[in-house]
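See below for the structure under consideration.
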Amino acid sequence: GNSVTQMEGPVTLSEEAFLTINCTYTATGYPSLFWYVQYPGEGLQLLLKATKADDKGSNKGFEATYRKETTSFHLEKGSVQVSDSAVYFCALSDYSNDYKLSFGAGTTVTVRA
Amino acid sequence: GAVVSQHPSWVICKSGTSVKIECRSLDFQATTMFWYRQFPKQSLMLMATSNEGSKATYEQGVEKDKFLINHASLTLSTLTVTSAHPEDSSFYICSARRLDLRYFGPGTRLTVL
Chain D
1 GNSVTQMEGP
11 VTLSEEAFLT
21 INCTYTATGY
31 PSLFWYVQYP
41 GEGLQLLLKA
51 TKADDKGSNK
61 GFEATYRKET
71 TSFHLEKGSV
81 QVSDSAVYFC
91 ALSDYSNDYK
101 LSFGAGTTVT
111 VRA
Chain E
114 GAVVSQHPSW
124 VICKSGTSVK
134 IECRSLDFQA
144 TTMFWYRQFP
154 KQSLMLMATS
164 NEGSKATYEQ
174 GVEKDKFLIN
184 HASLTLSTLT
194 VTSAHPEDSS
204 FYICSARRLD
214 LRYFGPGTRL
224 TVL
C-alpha cells in the first residue's frame, strides 16, 4: 500500500536559516507527490507538487524534487521567515488508491525572529 | 483560488447528542468531497469519500452509521456525528476536488463532553 514518512518535529529555526524537511514514500505505482502547508487556524493549502520523476516543484521560495531512485520528496527553503511557521504535510496520490491523498504525519515548523 | 468553507468552526456538545458539520465549495462545483479526521500532532486520516447524488464510500474501520455523510448538492456535503462520545472529539476537515486538485476547508473542532 501507499505510505508517507516525514521527519518528526517540531523544528525550531531562526529567521533566514535553511530549512529541510525529509519525506520518503512507498507507493504501488507512480504517484504524484505534494507538500501541503497548514498555517495556524487555517485549512491545508497546496504548497507545491511534482507529478513525475525528476520534476521540481517550487512555490514561495520552497522547493522539492521528485527522486524516484530514493523515493524521496524533501522540502527545502534557503531562508525562512517568521511567516513560514506552520505545519507541513508531505502527501502522495496514485491510481492504486483511486487517487486519494495519503498524508505524512506533519512537521511543525516554528521560525523565531 | 478555490475556497472551501466549513461550519461550524468549533462545537462543544454533550455526550449522546448528534452534531452536523457542513462543508461548502464556495466558488466551484465539487462532485467529490472528502472527510478527514485529524488527531493532535498526527496526520489526516481519510474517513470517507462523498460523491454527489450517491452513497459515500467509507474507509476501513470507519462506522458509517456513526458518521453519516450526505452530499446533496454539488456545493455541499455534510458530516453528522451521531450519538457523539468523548472519543469522537477531534478536528474534522473536509476537502473538495476540483479537476486534479484538492481544496481544504479550515476544519471543525469537535469537543464532546
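Chains D and E supply the protein sequences, listed in that same order.
Position 32 of the first sequence, counted from 1, bears residue number 32 in my numbering, the numbering being contiguous throughout.
Position 105 of the second sequence, counted from 1, bears residue number 218 in my numbering, the numbering being contiguous throughout.
Backbone N, C-alpha and C define an ideal beta-carbon position, used for all residues, glycine too.
On a predicted model such as this, the values are computed, not experimentally measured, just so you know.
The beta strand (DSSP E) that contains residue i, what's its start and end?
i         : result
LYS95(E)  : Because chain E in this structure spans residues 114 to 226, residue 95(E) falls outside the shown range and cannot be described.
SER14(D)  : 11-14
ASN22(D)  : Per DSSP, ASN22(D) belongs to no beta strand (DSSP E) and is neither H nor E.
GLU172(E) : First-last for GLU172(E): undefined, no H or E at that position.
ALA161(E) : 157-164
GLN45(D)  : 44-50
SER3(D)   : 3-6
GLY29(D)  : Where GLY29(D) is concerned, there is no enclosing beta strand (DSSP E), given that its DSSP letter is neither H nor E.
SER72(D)  : From DSSP, SER72(D) is part of no beta strand (DSSP E); its letter is neither H nor E.
ALA209(E) : 203-211
GLN119(E) : 117-120
Please classify residue i as buried or exposed, where buried requires at least 16 neighbouring CB atoms within 10 angstroms.
i         : result
THR162(E) : buried
ARG112(D) : exposed
SER148(E) : The residue you asked about is not Ser; residue 148(E) is Trp in the sequence shown. The residue is buried, with at least 16 neighbouring Cβ atoms inside 10 Å.
PRO31(D)  : buried
SER208(E) : buried
ILE125(E) : exposed
PHE18(D)  : exposed
HIS198(E) : exposed
LYS168(E) : exposed
VAL82(D)  : exposed
ALA185(E) : exposed
ALA53(D)  : exposed
LEU139(E) : exposed
ASP213(E) : exposed
LEU226(E) : exposed
GLY166(E) : exposed
Who are the Cβ neighbours of residue i in its own chain at under 8 Å, not counting the five residues just before and after it?
i        : result
ALA91(D) : VAL4, LEU33, PHE34, TRP35, TYR36, LEU101, SER102, PHE103 and GLY104
THR20(D) : HIS74, LEU75 and GLU76
In its own chain, which residues sit with a C-beta less than 6 Å from the C-beta of residue i, not counting the 5 before and 5 after it?
i         : result
TYR171(E) : ALA161 and LYS177
PHE204(E) : GLN151, GLY220 and ARG222
SER72(D)  : THR24
ALA50(D)  : LEU33, GLY57 and TYR66
LYS179(E) : THR195
ASN183(E) : THR191
In chain order, what residues of the same chain have a beta carbon less than 7 Å from the beta carbon of residue i, not counting five sequence neighbours either side?
i         : result
TYR39(D)  : ALA86
TYR99(D)  : SER93
ALA27(D)  : ASN2, LEU92 and ASP94
SER118(E) : ARG137, LEU139 and GLY218
ASN97(D)  : ASN2
Closer than 9 Å, Cβ to Cβ, to anything on chain D: give me those residues from the region 151-164 of chain E, in chain order.
Taking a C-beta cut-off of 9 Å against chain D, the contacting residues of the region 151-164 of chain E are GLN151, LYS154, GLN155, SER156, LEU157, MET158, LEU159 and THR162, listed in chain order.
Evaluate the contact criterion for the region 88-107 of chain D versus the region 4-14 of chain D: three or more CB pairs, one atom per stretch, below 8 Å.
The region 88-107 of chain D is in contact with the region 4-14 of chain D.
If you pair each beta-carbon of the region 122-136 of chain E with each one of the region 189-199 of chain E, do three or more pairs fall below 8 Å?
Contact holds: three or more Cβ-Cβ distances are below 8 Å.
Counting only Cβ-Cβ distances shorter than 7 Å, please list the residues of the region 208-224 of chain E near chain D, keeping chain order.
Listed by position along the chain: LEU214, ARG215, PHE217, GLY218, PRO219 and GLY220.
Where the region 43-55 of chain D meets chain E: residues whose CB sits under 8 Å from a CB there:
Residues passing the 8 Å Cβ filter: GLY43, LEU44, GLN45 and LEU46.
Closer than 7 Å, Cβ to Cβ, to anything on chain E: give me those residues from the region 10-35 of chain D, in chain order.
Answer set for the region 10-35 of chain D: empty.
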